[in-house]
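To keep things clear, I will list the structure first and then write my remarks on it.
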Amino acid sequence: MSGFEWLPPDISATFFVILVLTSFCTSALTGAFGLGGGMLMLVVLSMGLPMATVLPLHGIVQLGSNISRSLIQRRYIERSLFLWFALGSMLGVLTGGAVVFSIPDALLKMLLAVFIMWTVFGRKHRLSTFSRRWLVGGGFLTGLASMFVGATGPLVAAVLSAGKLQKHALVATQAASMVAQHGLKVLLFGGLGFAYGAWAFLLVLMIGAGYVGVYAGSQLLERLPERYFEIGFKTIMAVACMQLLWSALRDAGLFVF
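Numbers 1 to 257, taken from this note's numbering, label the letters of the sequence shown in order.
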């Protein structure tokens, strides 16, 4: 009997190993910079699985990774900011389905890319009474987007970066915010009938590898000067914007590759 017969039929032994290793690497990246890993994980999952399976699996793996980040970096979480953002996220996720399908994907991706560029590279907002509306609104927007764009880490980071948070607070608060979003998504997909049990062992290994990756990335974060963190953060955000714009142009039929 093959040791991999208990795996779902769509998963080969090679792809199984790739997914576990990818979970470690992407979690390390996210642990250090607060984003980037979710997008990469989504790409790798999409290489070997149908999208109907990719989004639920991505949600639960990222939930595990972000829970790990939240626990390891919990002392840096800005709890008041997180609570307002989580409120907006809940409203966005719950109302997302009806709105998302009425908006062309290409247009929405372009708007999201512009939103990221404006919040990250534009004028920063001060954390005042305005910030509550900003956080609830940002939580709603990113929660809405999470229902069709699996990796919304750059959007969440863009909203939080407007508050001029230091590197530890930004990464930790973003992790807690992603726990709220991915947790709601996992519950929603489960309610819609996705059978997580069939993927349980693979998910346990991926989440375990993700915890080790988060720990490694957090150690890098401790040693990374604030200036270099900001450069790395903005570089990843710029790449995310370019990816969104390229995807939008492709969806609009302007690119064939």
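Note that beta-carbon positions come from the ideal geometry of N, C-alpha and C, so glycine has one too.
Cβ neighbours of residue i in the same chain (closer than 7 Å, five flanking residues each side left out)
i      : result
Arg223 : none
Leu63  : Val179, His182, Gly183, Val186
Ala200 : none
Leu87  : Val136, Gly139
Phe194 : Pro56
Euclidean distance between Cα positions of residue i and residue j
i      : j      : result
Gly31  : Gly153 : 12 Å
Gly138 : Ala169 : 17 Å
Leu107 : Val43  : 21 Å
Pro8   : Leu19  : 13 Å
Met242 : Thr14  : 31 Å
Lys164 : Glu230 : 11 Å
Pro50  : Tyr211 : 26 Å
Among the options, nearest to residue i - alpha-carbon criterion
i      : options                        : result
Ser131 : Thr142, Phe189, Leu160         : Leu160
Gln166 : Met147, Arg227, Phe194, Ala198 : Arg227
Gly38  : Gly163, Ala157, Leu202         : Ala157
Leu94  : Thr142, Gly213, Gly193, Leu245 : Thr142
Ala162 : Trp246, Leu244, Arg133         : Arg133
Asp10  : Val239, Gly253, Leu202         : Leu202
Gly208 : Gly92, Arg250, Arg69           : Arg69
Ala248 : Phe85, Trp84, Thr53, Met110    : Met110
Residues of its chain near residue i, where Cβ-Cβ distance is below 8 Å and the 5 sequence neighbours each way are ignored
i      : result
Ile236 : Phe33, Leu35, Gly36, Pro154
Met41  : Thr22, Ser23, Thr26, His58, Val61, Gln62, Ala151
Phe82  : Thr173, Ala176, Ser177, Ala180
Val54  : Leu42, Leu45, Ser46, Gly150
Cβ-based neighbour list, residue i, same chain, cut-off 6 Å, excluding 5 preceding and 5 following
i      : result
Phe189 : Pro56
Ala28  : Gly213, Ala216, Gly217
Gly92  : Phe140, Gly143, Leu144
Ile77  : Ala172, Thr173, Ala176
Ser268 : What is shown of the chain runs 1 to 257, which leaves residue 268 out entirely.
The segment 169 to 181 / the segment 63 to 75 touching (three or more Cβ pairs under 8 Å): Touching, per the Cβ criterion.
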